[in-house]
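Top line first, the protein sequences correspond to chains A and F.
The numbering used here numbers the first residue of the first sequence as 24 and each following residue consecutively.
The numbering used here numbers the first residue of the second sequence as 24 and each following residue consecutively.
For glycine and all other residues, C-beta sits at the position ideal for the given N, C-alpha and C.
Number of protein chains: 2
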Amino acid sequence: MIYLDNSATSFPKPLSVIKSADLAMRSSANPGRSGHSMSLAAAERIYSVRRTAADFFGVENEQNVIFTLNCTAALNMAIKGLLVPGDHVVVSTLEHNAVMRPLEKLSEKGINYTRAKVFAEDDDKTVDSFRHSINGKTKMIVCTHASNVWGIRLPIERLCALAHAYGLLFITDAAQSAGVVPINMNDGYDIICTAGHKGLYGPMGTGIMLISENIRPDTIIEGGTGSISFSLSQPDELPDRFESGTPNYPGISALGAGIEFVSKKGIDRIRKHEFELIRYLYNKLSKMDNIILYTPIPEKEHFVPILSFNIEGKHSEETAALLASSGIAVRAGLHCAPCAHEEIGTVKTGAVRISPSVFTSFNDIEKTLFSIRKIITAK
Amino acid sequence: MIYLDNSATSFPKPLSVIKSADLAMRSSANPGRSGHSMSLAAAERIYSVRRTAADFFGVENEQNVIFTLNCTAALNMAIKGLLVPGDHVVVSTLEHNAVMRPLEKLSEKGINYTRAKVFAEDDDKTVDSFRHSINGKTKMIVCTHASNVWGIRLPIERLCALAHAYGLLFITDAAQSAGVVPINMNDGYDIICTAGHKGLYGPMGTGIMLISENIRPDTIIEGGTGSISFSLSQPDELPDRFESGTPNYPGISALGAGIEFVSKKGIDRIRKHEFELIRYLYNKLSKMDNIILYTPIPEKEHFVPILSFNIEGKHSEETAALLASSGIAVRAGLHCAPCAHEEIGTVKTGAVRISPSVFTSFNDIEKTLFSIRKIITAK
């Protein structure tokens, strides 16, 4: 199997990640809940992963690193914890349903949103379109760091500055960028949400919410935290405030190994490798008949290494099924991001998405190109 | 290490559970998101675990089995998905903060609760106290199946019948009972919430919410589900409605192995074994000077195999620390259940909790008794 579905979840996982989860399964007690050595060891490991994640994302205080079930849970906690009825939000036209569905839900409570158009290679125009979407009731900008369908990267540093210039909060969904593109809390983000199981090479079932020192969102989930147990009120202290109930200890421990793996390899090297593959793929595809490409050739200032395309006359699911029968794993359909498809006009067909990881080789891409050629020829 | 902290999380995990998680880490793609064989295999495995859990809890349709981060998340989803401002709720006096903190939070929205007293060995009186707590605005009874501190088991079948007689919803927190005491959705529960990492022997980071066919709670988290992706509204269909974002595939797969382990051993055998240990422990402790026991000797109709005690003049944390230094892992303090301690008068000292698993031996209990004796003698 040639696995090119790393934007869904990265595969394979580094051996250190697998081993860390296994060790946690074999030797751990409930972290921070009891005073015995096994519980303390688990709590120390979680602390150490929190510190690793904090260093990775430029977070000073590791307590501002919150572990969640996934990026979706983190985004729900962030968005719903900060908005109140009457608020208005600006999002991009490329958001995943992890942002859109919570906002759609909040619209029942009189919280509205505007979608700002993104211009793939013109950051000035993108920033302008966000600026024009702000109104007197706008409380927050929430946007993806990079489209999970088109790989288009948003100028989030500038959008964050825009938000602050207007006194707005800024939240970003870094599910597709963390581990591939540098992102640093010191640039002023209020909240960064990301998945643990994609570019950070942790297991499925892990997500991260990074919270700045200046805000303290309301909670959507409360429960036992092992702290201030006498009180029936959710503690204010981080990370406890947002981590109720028993944490996914094996997952968090393994995520720590994943982040260490990425740090050791180096984000720049990983990105360079993946971009070489994607640009090679793009160049070859652009020379084939019957291939529809929807974006300019990806370059690293404006893209992450993800490429979606279609074969003329074929639904994306059909192309993906044919590739799957040749042992090539890609993802078709809408990728849980209908807005991103609406923007490009691919809602009906979806698109075939190829997303490499650090483990993907040129040979994998060559074989994929060979299979795509075969599908086109067989038409 | 003699591990007697299984009410926090069970340890060790069966080998089949460890292997299942490991296999999932080594071979899995994002379940149900793509059409290639790896993604389909993961989706099939999750389906199979859903079926296993459904059979275990007497759920007809496996789609009514929802996987969550933990029991706390399940309880939040259940409680907040069904209550609206003005509603009143009846809980027991023995609830965990996983129930109390969400309710306390909801009190901000005009949702109130009454705590009904539990009588350890008199089910009639317990049912009466719940009945007397119901008022014209009561919408729901939420209560623990068994106290995580005192092991006191509530007559939830009767309380469920009481709820339905008054036209109320009934939700139970089965975190401490699942895998030890039979509990069956056919008895009419609206929602059962439980942890995956205690008596079901799955990994930390897993919880289950079982929903009856007749209700469709609102959501507190929305996002991508891999289904009806074109729609910005959260799908109505189960389980998707309550499983947004990438699931904890390794955890869920391993939880399946855990439930299979319990089914194979047999709940009755597991309970019998643990009760023999706990009753033996109780008898020995009851003959020691300076030991404070708070409950009658546990028998299986009215208890789960958990025993909490104190040594006179010692804070529970001190006793637990002394036991830990002898290599015995127990949990002291309030166990995230201050109400349960308030009820018995142990808020100041907490209590030392001993909770065995199927892997605990008489020898473990003998050694624990030896260490307790040593602590008392050294006073």
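Proximity of residue i and residue j at Cβ, strictly below 9 Å
| i | j | result |
| --- | --- | --- |
| F90/A | P226/A | no |
| I313/F | G281/F | According to the sequence as given, residue 313/F is Asn; it is not Ile. No, these two residues do not count as a Cβ contact at 9 Å. |
| D476/A | N87/A | The shown model of chain A, from 24 to 402, leaves out residue 476/A, and the question about it has no answer. |
| S286/A | I69/A | no |
| A143/A | I194/A | no |
| V165/A | L117/A | no |
| G230/A | G268/F | yes |
| V353/F | A360/F | no |
| H220/A | N386/A | no |
| G81/F | N207/F | yes |
| A76/A | S62/A | no |
Beta carbon proximity, residue i to chain A, threshold 9 Å
| i | result |
| --- | --- |
| T433/F | Residue 433/F lies beyond the residue range present for chain F, which begins at 24 and ends at 402; the question has no answer from this structure. |
| L98/F | yes |
| V370/F | yes |
| L92/F | yes |
| Y26/F | yes |
| L316/F | no |
| R354/F | yes |
| N333/F | no |
| H59/F | yes |
| A66/F | no |
| G86/F | Just to set this straight, residue 86/F is Gln in the shown sequence, not Gly. By this cut-off, Q86/F is not an interface position. |
| I134/F | no |
| E127/F | yes |
| H220/F | yes |
| H242/F | For the record, residue 242/F in the displayed sequence is Thr; it is not His. Chain A contact via Cβ: present. |
| C166/F | no |
| I194/F | no |
| K390/F | no |
| H325/F | no |
| T95/F | yes |
Chain F contact for residue i (CB, 9 Å cutoff)
| i | result |
| --- | --- |
| N346/A | The question names Asn, yet the displayed sequence has Leu at residue 346/A. It does; some Cβ of chain F falls within 9 Å. |
| N491/A | No statement about residue 491/A is possible, as the shown extent of chain A runs from 24 to 402 and does not include it. |
| R56/A | yes |
| E260/A | no |
| S51/A | yes |
| G2/A | Only positions 24 to 402 of chain A appear in this structure, which leaves residue 2/A out of reach. |
One or two residues paired with residue i in a DSSP bridge
| i | result |
| --- | --- |
| N313/A | DSSP lists no partner for N313/A. |
| S170/F | According to DSSP, S170/F bridges with nothing at all. |
| N135/F | H111/F |
| T229/F | In DSSP, T229/F forms no bridge with anything. |
| A343/F | Answer is none; A343/F lacks a bridge partner. |
| L192/A | M163/A |
| T91/F | G230/F |
| F326/F | I175/F |
Chain-order list of residues whose beta-carbon lies under 7 Å from that of residue i (same chain, five-residue window excluded)
| i | result |
| --- | --- |
| I405/F | Nothing about residue 405/F can be reported from this structure: the residues present for chain F run from 24 to 402 only. |
| V150/F | P178, R181, L182 and L185 |
| D78/A | none |
| D48/A | Reading the sequence as shown, one finds Met at residue 48/A and not Asp. The residues are P273. |
| I243/F | N99, M100, K103 and G104 |
| Q257/A | T242, E245 and R264 |
| A344/A | none |
Helix, strand or coil at residue i [DSSP, three-state]
| i | result |
| --- | --- |
| S380/F | coil |
| A197/A | coil |
| S331/F | strand |
| A352/A | strand |
| I301/A | helix |
| I175/F | strand |
| I388/A | helix |
| K103/F | helix |
| Y272/A | helix |
| T216/F | Residue identity differs from the one stated: residue 216/F is Cys in this sequence, not Thr. C216/F: strand per DSSP, three-state reduction. |
| D28/F | strand |
| V141/A | coil |
| V285/F | helix |
| V72/A | helix |
Chain-ordered chain D contacts of residue i [CB-CB under 8 Å]
| i | result |
| --- | --- |
| R124/A | This model lacks chain D altogether; the protein chains it does include are A and F. |
Cut-off 8 Å between Cβ atoms - residues of its own chain near residue i, not counting five sequence neighbours on either side
| i | result |
| --- | --- |
| H187/F | F193 and G211 |
Close-in-space but distant-in-sequence residues of the same chain around residue i (CB under 6 Å, 5 per side omitted)
| i | result |
| --- | --- |
| T137/F | V113 and S156 |
| L278/A | G219, G225 and T229 |
| S235/A | D213 |
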